[in-house]
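Just below is one structure, and these are the notes that go with it.
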Amino acid sequence: MPEDVVVTVVPDANGEPKVGPDYQANAWDRYNWDKGPTSRGVRAGVRIPGANSRKAGRGPPMNSPSSESCRERTARRRLQVLGVVVLAVIACVAAAVGGFAYLADEVSSDQTDEEMNCCWESGATPAWMSEKIGIRIPEAAADRRAGYKTGSRYDTGLLSFTLRSQEADAYTSRLIRKGTKMIRNFHPEKKDYRPAAAFAHLKLPEPETFVEGLRQVSLCPDDLNTPEGRYLQRCVDLFAHEYKPGSTRIYVRSTIEPGLTPPPATTK
Numbered sequence: 010m011p012e013d014v015v016v017t018v019v020p021d022a023n024g025e026p027k028v029g030p031d032y033q034a035n036a037w038d039r040y041n042w043d044k045g046p047t048s049r050g051v052r053a054g055v056r057i058p059g060a061n062s063r064k065a066g067r068g069p070p071m072n073s074p075s076s077e078s079c080r081e082r083t084a085r086r087r088l089q090v091l092g093v094v095v096l097a098v099i100a101c102v103a104a105a106v107g108g109f110a111y112l113a114d115e116v117s118s119d120q121t122d123e124e125m126n127c128c129w130e131s132g133a134t135p136a137w138m139s140e141k142i143g144i145r146i147p148e149a150a151a152d153r154r155a156g157y158k159t160g161s162r163y164d165t166g167l168l169s170f171t172l173r174s175q176e177a178d179a180y181t182s183r184l185i186r187k188g189t190k191m192i193r194n195f196h197p198e199k200k201d202y203r204p205a206a207a208f209a210h211l212k213l214p215e216p217e218t219f220v221e222g223l224r225q226v227s228l229c230p231d232d233l234n235t236p237e238g239r240y241l242q243r244c245v246d247l248f249a250h251e252y253k254p255g256s257t258r259i260y261v262r263s264t265i266e267p268g269l270t271p272p273p274a275t276t277k
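Residue numbers (my numbering): 10 to 277.
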């Protein structure tokens with residue numbers, strides 16, 4: 010088709026262009042149509058540009074991909090507004106969850122501190138604790154400490170003292186069975202580990218958090234016929250920690266049935 014084609018069009022009864030079957034024009038080309046005189050039967054000329062030189066008329070056809078109805082634009086704006094609202098709601102919910110989590114952590118921390126400081130008997134001395142659990146304290150032991158905590162289901166006794174490392178090795182060898190070895194701590198607890206009956210009450214770190222220089226063993230009095238084991242009265246968890254070269258601290262924790270009553274605390 011040439012660049013510009015002139016087609017003769019006859020208006021119909023309604024004044025709309027009527028194109029013959031020999032040329033089918035886009036219905037929207039009527040916008041470029043000059044009807045000319047309004048009397049019927051008068052022919053009018055319509056200039057239809059080529060595909061590459063079509064001038065803009067009153068707008069693109071309604072079936073054009075570039076066209077967009079008012080309803081579509083409104084729906085798109087509503088979706089955009091809805092997206093903003095959803096994001097705002099998500100942000101508010103996240104902030105609320107974070108606030109609740111913070112408050113829960115604070116409450117849990119307060120409860121843990123209260124539990125750690127609760128129910129410790131002031132009269133539990135190292136000598137009394139040594140007798141009740143059956144762990145004899147060597148005469149050479151220094152920095153002796155003890156604690157006794159009561160609970161609803163069971164009580165817990167703590168005992169600790171220091172020895173020279175050679176003396177500590179000799180002491181533990183007289184306590185455990187021959188052929189039994191104390192093991193290392195392959196699964197240490199985190200530094201903030203706080204058991205219900207913590208050695209922190211005795212101003213000591215928790216032995217479960219150590220890796221280097223720590224050995225541990227669990228003992229019960231059943232058939233423990235060793236020189237020191239025969240005095241054992243209750244099951245214990247025993248830790249030996251060489252906290253500096255040549256010096257070892259012994260930690261003992263024992264779970265005890267409720268009923269023991271430490272002697273009254275004495276004032277110095």
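Note that the Cβ used here is the ideal one computed from N, Cα and C, for glycine as well.
Taking the alpha-carbon positions, what's the residue i to residue j distance?
i: P267; j: R162; result: 7 Å
i: H196; j: R87; result: 56 Å
i: C244; j: N234; result: 14 Å
i: L223; j: I192; result: 8 Å
i: A100; j: E217; result: 41 Å
i: G107; j: V95; result: 18 Å
i: Y279; j: D178; result: Residue 279 falls outside the range modelled here, since the chain spans only 10 to 277, and no answer is possible.
i: Q225; j: G238; result: 15 Å
i: T189; j: D246; result: 15 Å
i: S139; j: K199; result: 29 Å
i: N194; j: K187; result: 21 Å
i: P204; j: N126; result: 12 Å
i: L213; j: L269; result: 24 Å
i: E221; j: Q89; result: 60 Å
i: E81; j: D201; result: 59 Å
i: A103; j: A97; result: 10 Å
i: A105; j: V93; result: 18 Å
i: S78; j: R85; result: 11 Å
Please state if the CB of residue j and the CB of residue i are separated by a distance shorter than 8 Å.
i: G255; j: S169; result: no
i: R262; j: A206; result: yes
i: T134; j: I265; result: no
i: H250; j: F219; result: yes
By the 10 Å Cβ neighbour count, where 16 or more other Cβ atoms means buried, how is residue i classified, buried or exposed?
i: D38; result: For D38, the predicted model reports a pLDDT of 49, less than 50, meaning its position is unreliable and no value from the coordinates is stated.
i: Y180; result: buried
i: P271; result: buried
i: T83; result: exposed
i: R258; result: buried
i: L91; result: exposed
i: N23; result: exposed
i: S117; result: Model confidence at S117 stands at a pLDDT of 48, short of 50, so the residue's coordinates are unreliable and nothing is read from them.
Apart from the five residues on each side of it in sequence, which residues of its chain come closer than 7 Å, Cβ to Cβ, to residue i?
i: C229; result: C244
i: A136; result: none
i: P236; result: R183
i: E176; result: P147 and A149
i: D232; result: none
Sorted by chain position, which residues of the same chain lie with C-beta nearer than 8 Å to residue i's C-beta, five sequence neighbours on each side aside?
i: G143; result: P230, Y240, L241, Q242 and R243
i: I185; result: M191, V226, L228, T235 and G238
i: D152; result: S169, F170, T171 and R258
i: L211; result: R154, A155, G156, L167 and S169
i: R145; result: S139, E237 and Y240
I'd like the list of long-range same chain contacts for residue i, defined as Cβ closer than 6 Å, with 5 residues on each side in sequence excluded.
i: F248; result: P216, Q225 and Y260
i: C128; result: K158 and T159
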